[in-house]
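Working notes for the structure below.
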Amino acid sequence: MISVSEARAALLQLCSVTEVEQVPLAQANGRVLAQEVSATREQPPFSASAMDGYAVKRDEVELHAMFQVIGEAAAGHRFEGSLKAGQAVRIFTGAPVPDGADFVVIQEDVARKKDLITIQSAPGASNNIRPSGGDFGRGQTVTAPRLLRPSDVALLAAMNIPVVPVRRRPVVALISTGDELVMPGGTPGPDQIIASNTFGLKAMLEDFGAKVLVLPIARDSESSLKTAFSLARDVDLVVTIGGASVGDHDLVAKVSADLGMERSFYKVAMRPGKPLMAGSIGKNAMVGLPGNPVSAMVCGHIFLRPMIQSMLGTNHVSLPLMTAVLSHDLAANGPREHYMRATVSHGEVTVAANQDSSLLSVLAEANALIVLPPHAPAQTKGNTLQYLPI
Ligand code: AMP
Ligand code: MG
Numbered sequence: 341m342i343s344v345s346e347a348r349a350a351l352l353q354l355c356s357v358t359e360v361e362q363v364p365l366a367q368a369n370g371r372v373l374a375q376e377v378s379a380t381r382e383q384p385p386f387s388a389s390a391m392d393g394y395a396v397k398r399d400e401v402e403l404h405a406m407f408q409v410i411g412e413a414a415a416g417h418r419f420e421g422s423l424k425a426g427q428a429v430r431i432f433t434g435a436p437v438p439d440g441a442d443f444v445v446i447q448e449d450v451a452r453k454k455d456l457i458t459i460q461s462a463p464g465a466s467n468n469i470r471p472s473g474g475d476f477g478r479g480q481t482v483t484a485p486r487l488l489r490p491s492d493v494a495l496l497a498a499m500n501i502p503v504v505p506v507r508r509r510p511v512v513a514l515i516s517t518g519d520e521l522v523m524p525g526g527t528p529g530p531d532q533i534i535a536s537n538t539f540g541l542k543a544m545l546e547d548f549g550a551k552v553l554v555l556p557i558a559r560d561s562e563s564s565l566k567t568a569f570s571l572a573r574d575v576d577l578v579v580t581i582g583g584a585s586v587g588d589h590d591l592v593a594k595v596s597a598d599l600g601m602e603r604s605f606y607k608v609a610m611r612p613g614k615p616l617m618a619g620s621i622g623k624n625a626m627v628g629l630p631g632n633p634v635s636a637m638v639c640g641h642i643f644l645r646p647m648i649q650s651m652l653g654t655n656h657v658s659l660p661l662m663t664a665v666l667s668h669d670l671a672a673n674g675p676r677e678h679y680m681r682a683t684v685s686h687g688e689v690t691v692a693a694n695q696d697s698s699l700l701s702v703l704a705e706a707n708a709l710i711v712l713p714p715h716a717p718a719q720t721k722g723n724t725l726q727y728l729p730i
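Under our numbering, the first residue of the sequence shown is numbered 341, with each subsequent residue one higher.
Here it is as structure tokens:
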């Protein structure tokens, strides 16, 4: 049995970065920027007023000073003239600052009578002007790789980049296996259950940035499983769920071997998730997840996430672990790395009492997986533990 970190390293060996594709800016959120892009303009493209008020000359600004208002500048409409001594231009937020002006007195500090204004409160030190290029200059870059968030989309838009080079989303085929499984919305027989982790993994993989094909459930027969595999050609990753242990009906190892799977490893020293299998079939990477719902989901977090990230070119080889203080005592760990469902709140972590790997309700309550290394000694309340936010 290999360790979790060895398994992760081996899985990354099976992955290659996807190609670059161009998407409209409106579809760039959540995608990974694949190439550096640069601003085609500066922002703001002119010095702009940051406030509603009056544009004047800074040297003339003092309490009780009077100015004649000679025109108006609004956002999108500059004042064409040039400001001379004793003059002011009515100005609004976002409007270009007129030539000759270098200060905006906010309207709250001014009294106006017809075309005359008087400064009535001492203006602060700020000139209330956004300098041209103050946000970014022409040619300023956004470097790749980068997971684009809404704020990045706003920045790219301001840079006037309408089409964005991103990594193609890796395509993952999900094959659920088992005679007992029925799709959600179906009518289960008396001995059947609903395929659940299939949909949890689909959601999770999509959150990681993948495109997911949920294939028809493979029954516990070699021919049914082979049919499912045959539908999973031309994908980046095939993920099977269940049928990976050594029971009489666990056929994933046999069928994938018959299909020419080059095995990378089988079984990882972890809880839950021990019967994990991985390799490649032709160009496809393949991962066989254990069927127990929580095991499958935990393996998704620990193994599938770095794989998808690697395909997207955002190599996070190590897990983004955080720390929290244990709110109770905890028994010593056995020989396998243990990922325990837990709840972290205000820096304190409470581990769920029942860690049975079939309990999705406990997983749904949890927001963290604490990581106990193999043979970790008993923990006492107040100890600091590492966890993966989920
Ligand atoms: P297996 O690895 O096929 O022996 O499955 C282990 C356990 O997980 C069994 O109780 C299965 O019924 C259950 N299981 C397998 N696949 C799924 C699935 N897609 N959704 C929910 N439970 C599953
Ligand atoms: Mg099964």
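No residue lacks a Cβ here, since even glycine has one placed at the ideal position from N, Cα and C.
Suppose contacts are defined by Cβ-Cβ distances below 9 Å. Is Ala-558 in contact with Ala-568 by that definition?
Residue mapping note: residue 558 aligns to position 218 of the sequence shown, counting from 1. Residue mapping note: residue 568 aligns to position 228 of the sequence shown, counting from 1. One thing to note: Ala-558 has its Cβ within 9 Å of the Cβ of Ala-568.
Would DSSP call Asp-519 helix, strand or coil?
Start at 1 with the first residue of the sequence shown, and residue 519 comes out as number 179. Of the three classes helix, strand and coil, the one that applies to Asp-519 here is coil, per DSSP.
For Arg-645, count the other beta carbons within 10 Å of its own beta carbon; 16 or more makes it buried, fewer makes it exposed. Which is it?
Counted from its first residue, the sequence shown places residue 645 at position 305. Buried, by the Cβ-count rule.
At a threshold of 8 Å, does Asp-590 count as lining the ligand MG (C-beta to nearest heavy atom)?
In the sequence shown, the residue the question calls residue 590 occupies position 250. For the ligand MG, at least one heavy atom lies less than 8 Å from the Cβ of Asp-590.
Can you give the Cα-Cα distance for Val-608 and Thr-538, rounded to whole angstroms?
For the purposes of this step, residue 608 is taken as the residue at position 268 of the sequence shown. For the purposes of this step, residue 538 is taken as the residue at position 198 of the sequence shown. In this model, Val-608 and Thr-538 are separated by some 21 Å (Cα to Cα).
Does DSSP put Phe-569 in a helix, in a strand, or in coil?
Counting from 1 along the sequence shown, the entry for residue 569 is found at position 229. Judged by DSSP in its simplified three-state form, Phe-569 adopts helix.
With distance defined between alpha-carbon atoms, name the residue in Gly-687, Pro-436, Phe-432 and Tyr-727 nearest to Glu-448.
Along the sequence shown, one-based indexing puts residue 448 at 108. Comparing Cα positions, the closest option is Phe-432.
To the nearest angstrom, how far is the alpha carbon of Gly-600 from that of Ile-621?
Start at 1 with the first residue of the sequence shown, and residue 600 comes out as number 260. Start at 1 with the first residue of the sequence shown, and residue 621 comes out as number 281. The straight-line gap from Cα to Cα measures roughly 6 Å.
What residue range does the alpha helix (DSSP H) around Glu-546 cover?
Position 206 of the sequence shown, counted from the start, is the residue given in the question as residue 546. Note, Glu-546: alpha helix (DSSP H), 537-548.
In whole angstroms, give me the CA-to-CA distance for Gly-619 and Thr-663.
As a first step, residue 619 must be located in the sequence shown, where it is residue number 279. As a first step, residue 663 must be located in the sequence shown, where it is residue number 323. Taking C-alpha positions only, Gly-619 is separated from Thr-663 by approximately 33 Å.
State the DSSP-derived secondary structure class of Gly-803, mapped to helix, strand or coil.
Absent from the model: residue 803. The displayed extent of the chain is 341 to 730, so no value can be given.
What does DSSP give as the partner residues of Met-406 in its beta bridges?
Mapped onto the sequence shown, residue 406 falls at position 66. Paired residues: Thr-458.
Cα-Cα separation between Asn-500 and Asp-439, rounded to whole angstroms
On the sequence shown, residue 500 is found 160 positions in, with the first residue counted as 1. On the sequence shown, residue 439 is found 99 positions in, with the first residue counted as 1. Asn-500 and Asp-439: Cα-Cα distance of roughly 26 Å.
Mind checking Glu-677: buried by the 16 CB within 10 Å criterion, or exposed?
The residue labelled residue 677 in the question sits at position 337 within the sequence shown. Burial check for Glu-677: the Cβ neighbour count within 10 Å reaches 16 or more, so the residue is buried.
How far does the alpha helix (DSSP H) with Glu-705 in it reach, from first residue to last?
Numbered from 1 along the sequence shown, position 365 holds the residue referred to as residue 705. 700-705 is the span of the alpha helix (DSSP H), which, as asked, contains Glu-705.
For the ligand AMP, is there a heavy atom less than 8 Å away from the beta-carbon of Pro-615?
By one-based count along the sequence shown, residue 615 stands at place 275. Pro-615 Cβ: within cutoff of the ligand AMP.
Across the region 350-359 and the region 389-401, are there enough close Cβ pairs to call them in contact, namely three or more that are closer than 8 Å?
No: fewer than three Cβ pairs fall under 8 Å.
Closest by C-alpha distance to Ala-513, when choosing among Thr-483, Ile-648 and Glu-402:
In the sequence shown, the residue the question calls residue 513 occupies position 173. Taking each of Thr-483, Ile-648 and Glu-402 in turn and checking the Cα distance to Ala-513, the smallest one comes out for Ile-648.
Is it true that the region 367-376 meets the region 488-495, where meeting means three or more beta-carbon pairs spaced less than 8 Å apart?
Yes, they touch.
Rounded to whole angstroms, what is the Cα-Cα separation between Gly-722 and Ser-667?
Taking the sequence shown and counting its residues from 1, one reaches residue 722 at position 382. Taking the sequence shown and counting its residues from 1, one reaches residue 667 at position 327. Rounded to whole angstroms, Gly-722 to Ser-667 spans 6 Å at the Cα level.
Can you name the residues that DSSP bridges to His-417?
Numbered from 1 along the sequence shown, position 77 holds the residue referred to as residue 417. As a beta-bridge residue in DSSP terms, His-417 pairs with Ala-414.
Between the beta-carbon of Ser-472 and the beta-carbon of Pro-612, is there less than 9 Å?
Within the sequence shown, numbered from 1, the residue matching residue 472 stands at position 132. Within the sequence shown, numbered from 1, the residue matching residue 612 stands at position 272. Against a cut-off of 9 Å, the Cβ pair of Pro-612 and Ser-472 comes out as no contact.
Beta strand (DSSP E) segment containing Arg-603, residue limits
Working through the sequence shown from its first residue, we reach residue 603 at position 263. Looking at the DSSP string, the run of the beta strand (DSSP E) that includes Arg-603 is 602-606.
Are Leu-541 and Leu-629 closer than 9 Å when you measure CB to CB?
Position 201 of the sequence shown, counting from 1, holds the residue named residue 541. Position 289 of the sequence shown, counting from 1, holds the residue named residue 629. Contact: yes.
Using beta-carbon positions only, say whether Val-702 and Leu-725 come within less than 9 Å of one another.
Reading the sequence shown from its first residue, position 362 is the one you call residue 702. Reading the sequence shown from its first residue, position 385 is the one you call residue 725. It is not a contact, given that the beta carbons lie outside the stated cut-off.
Own chain partners of Pro-660 with C-beta closer than 8 Å, once the 5 adjacent residues on each side are dropped:
Stepping through the sequence shown from its first residue, residue 660 is reached at position 320. Around Pro-660: Leu-728 and Pro-729.
With DSSP as the reference, label Pro-463 as helix, strand or coil.
Mapped onto the sequence shown, residue 463 falls at position 123. It is coil, neither helix nor strand.
With a cut-off of 8 Å, do at least 3 Cβ pairs link the region 468-482 to the region 376-390?
Contact between the region 468-482 and the region 376-390 is established, with three or more Cβ pairs separated by less than 8 Å.
Would you give the residue range spanned by the beta strand (DSSP E) that Val-665 belongs to?
Numbered from its first residue, the sequence shown carries residue 665 at position 325. Per DSSP, Val-665 is one residue of the beta strand (DSSP E) stretching across 662-666.
Beta-bridge partners of Asn-624, as assigned by DSSP:
Taking the first residue of the sequence shown as position 1, residue 624 is located at position 284. Residue pairing by DSSP puts Asn-624 in a beta bridge opposite Ile-621.
Closer than 8 Å: is that where the CB of Asp-531 sits relative to any heavy atom of the ligand MG?
By one-based count along the sequence shown, residue 531 stands at place 191. When distances are taken from the beta-carbon of Asp-531 to the heavy atoms of the ligand MG, even the shortest one reaches 8 Å or more.
Classify Asp-590 as buried or exposed, calling it buried when 16 or more other Cβ atoms lie within 10 Å of its own Cβ.
What you label residue 590 is simply residue 250 of the sequence shown in a count that begins at 1. By the neighbour-count rule (16 or more Cβ atoms within 10 Å), Asp-590 is buried.
Examine the ligand MG and report whether any of its heavy atoms sits within less than 8 Å of the Cβ of Gly-525.
Within the sequence shown, the letter at position 185 stands for residue 525. No, since every heavy atom of the ligand MG falls outside the 8 Å radius drawn around the Cβ of Gly-525.
Can you round the beta-carbon distance between Ser-536 and Pro-633 to whole angstroms, since I take them to be within the 8 Å contact cut?
The residue labelled residue 536 in the question sits at position 196 within the sequence shown. The residue labelled residue 633 in the question sits at position 293 within the sequence shown. Yes, Ser-536 and Pro-633 are in contact; Cβ-Cβ is about 5 Å, under 8 Å.
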